[in-house]
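Asks: Just so you know, we're using the working numbering here: the sequence shown kicks off at 5 and counts up by one.
Quick reminder that beta carbons are idealized off the backbone N, C-alpha and C, glycines included.
Dumping the structure here so I can ask a few things about it.
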Amino acid sequence: MDRTVTAAADIVVTRDGPVTTFLLNRPERLNAFTAEMHHALQEALDAFAADDGQRIGVVTGAGEAFCSGSDLKAIAERRARGEGRIGLPRCGYAGLVQRFDLDKPLIAAVNGVAAGGGFEIALACDLIVASETARFGLPEPRAGFVAVGGGPHRLVREIGLKRTMDLVLTGRLVDAAEARALGFVNEVVPAASLSDAVARWADAMLKGGPAALRASKALVHRSIDAPSLAAAIGDQDGLPAMQRWRASGETTEGPRAFAEKRPAPWMPA
C-alpha cells in the first residue's frame, strides 16, 4: 500500500492508500491550536478534498490528548501585546468547522481530552471513535469565551436541547461512556485498540462505491437542512454529489461484480 507523510505547522498528514490521517502534533500543549495550525489544516483538508484517490479522512491527536482547543496562553500573550483576534481560514476553526461542502467521510479518533475547539473539531467529523480515556466538553465560558465553532449548534441537533444546555452552561467534561450514552460518540474502545477500531470503520466504508458513499453523506446532511422530509427527498437529485454518483458508472459495475461473484473494483484488496 502506498504511504506518504507530510508535515506543516504541527499538522502531520499521512496517506495510507485511500485513507488520509491528519495528526494534530503538539502534544506538549495538549495539541492546542495556534494560528498557523488553523491554516495548515485548512490546506491539508483542501488537498484531501481535491484528491479523488483519497476516500476516507481521520483526525486524531498526538500524545495523551486529542485537542484542548485554542492555546489560551498564546491568546493571553497576544492580548497583552495589544494584538487582536487571529484570522481564521476560509472554513473557520481548524479549517473544518464551517467546511460544509466536504462529502468524503471524516472520522474523529479521539484519544484523550477533546475540549473547546477540540470538541468542535470532533463534532464536525461524521463519526467519533473514542478511547476509554477520552473526555469531551465546551468549557469556553469558564475562560470568558463562547463556543462559536459549531459545538452548541451541532450538539443540539444530535443530543437535544436540555442535554446540550447541560454541557454548554456548566462547561463540564463528560467521559467516553457518557458521551456514548448521549449519542455523539459511535464507539468506545480501550486506548490500545483505538487505531484498530478506526481502521475497521474505514475498511467498512471502503467497501462502498466512492461516489455512492459521498452521495449518501450529502443526502444525510441535506435531510438535516431541508425544511421538510418532502423537500429533502424531492430535491435530492439536484445535489452535486448525487449527480457525480449517477455519472460514475458504479450502478453498472456494482451489479456486474455481484453477478460475477467478485469484489467490486473499489473494495479493499
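To which residues of the same chain is T10 closer than 6 Å at the C-beta, ignoring the five residues directly before and after it?
Replies: Hits under 6 Å: V17.
Asks: Flag this pair as yes or no: are the beta carbons of A119 and L177 separated by less than 8 Å?
Replies: The answer is yes: Cβ separation under 8 Å.
Asks: If you run the structure through DSSP and keep just helix, strand and coil, what is V202?
Replies: V202 falls in the helix class under three-state DSSP.
Asks: Does the beta-carbon distance from L100 to L49 come in below 8 Å?
Replies: Yes, these two residues count as a Cβ contact at 8 Å.
Asks: Is it true that the CB of K108 sits closer than 8 Å to the CB of R218?
Replies: Yes.
Asks: So F188 and L127 are supposed to be a Cβ contact under 8 Å. How far apart are they, rounded?
Replies: Yes, they are in contact, since the Cβ atoms of F188 and L127 sit about 7 Å apart, within 8 Å.
Asks: In the DSSP assignment, find the unbroken alpha helix (DSSP H) run with L2 in it and report its ends.
Replies: Within the shown structure, residues of the chain are numbered from 5 to 273, placing residue 2 beyond reach of any answer.
Asks: For S135, I'd like the list of residues in its chain whose CB is within less than 6 Å of its CB, leaving aside the five on either flank, ordered along the chain.
Replies: Correct list, in chain order: N115, A195, L198.
Asks: Tell me whether G253 is buried or exposed, calling it buried when 16 or more other Cβ atoms sit within 10 Å of its Cβ.
Replies: Classification for G253: exposed.
Asks: Taking the alpha-carbon of I111 as reference, which of P244, A206, P272, G213 has the nearest alpha-carbon?
Replies: If we check each option's Cα against that of I111, A206 comes out closest.
Asks: Go ahead and label I228 buried or exposed: buried means 16 or more other beta carbons lie within 10 angstroms of its beta carbon, across all protein chains shown.
Replies: Label assigned to I228: exposed.
Asks: Just to confirm the assignment: which complete beta strand (DSSP E) runs, minimum length 3, are found wholly within the segment 46–116?
Replies: The segment 46–116 contains these whole beta strand (DSSP E) runs: 60–65, 69–71, 110–114.
Asks: From P22 to M209, what does the alpha carbon distance come to, in whole angstroms?
Replies: So the alpha carbons of these two residues sit roughly 11 Å apart.
Asks: What is the C-beta distance between A201 and E191, in whole angstroms, given that I count them as a contact (C-beta under 8 Å)?
Replies: Sure, about 6 Å apart at Cβ, within 8 Å.
Asks: For a quick check, are the C-beta atoms of G61 and Y97 less than 8 Å apart?
Replies: No, the Cβ-Cβ distance between G61 and Y97 is not below 8 Å.
Asks: With a floor of 4 residues, list each alpha helix (DSSP H) that falls wholly inside the segment 123–200, ordered by position along the chain.
Replies: Whole alpha helix (DSSP H) segments, 4+ residues: 155–163, 165–174, 180–186.
Asks: DSSP state of A118, grouped into three classes?
Replies: Residue state, collapsed to three classes: strand.
Asks: Please classify L131: is it buried, with 16 or more other beta-carbons within 10 angstroms of its beta-carbon, or exposed?
Replies: By the neighbour-count rule (16 or more Cβ atoms within 10 Å), L131 is buried.
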